[in-house]
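66 is the number that full-length UniProt numbering gives to position 66 of the sequence shown; each next residue is one higher, with no gaps.
Using N, Cα and C, we set each Cβ at its ideal position, and we do this for glycine too.
Read through the structure below, which is laid out as structure tokens, and then see the notes.
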Amino acid sequence: MVEIFPDLANTRIDYCWGGMVDMTADRLPRAGEREGLFYSMGYSGHGTQMATYMGQIMAEVMDGNTTANPWGDFDWPAIPGHFGPTWFLPFVGAYYKLQDYLH
């Protein structure tokens, strides 16, 4: 961080986000309604910005403006080779931690 933003060298870091990341095969979100439940998900690591935006959009959808949803007509292709629980995520996380350390 300091290499990219040297002015932050003396800045204290209080919090770091860490958690599950939901991804879709094409890395595009999905949003809509199914059996009375409205949803917006699959932000593929862009949840902070996209969830705020999609909250506004889905409020419009719930108010009757179904054309406001840019992801409404998307299908849900499966991620090839992924079945069951996300057993592989710790390995993916370790790989990126190593990349952070090496660079």
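Roughly how many whole angstroms lie between the Cα atoms of Glu33 and Val61?
Computed Cα separation, rounded: 9 Å.
Please report the straight-line C-alpha distance between Phe5 and Thr11, rounded to a whole angstrom.
11 Å
What residue range does the beta strand (DSSP E) around Gly45 cover?
Where Gly45 is concerned, there is no enclosing beta strand (DSSP E), given that its DSSP letter is neither H nor E.
C-alpha gap between Pro77 and Gln99, whole angstroms
29 Å
State buried or exposed for Pro80, treating a residue as buried only when at least 16 other CB atoms are found within 10 Å of its CB.
exposed
With 16 as the cutoff for other CB atoms within 10 Å, does Asn69 come out buried or exposed?
buried
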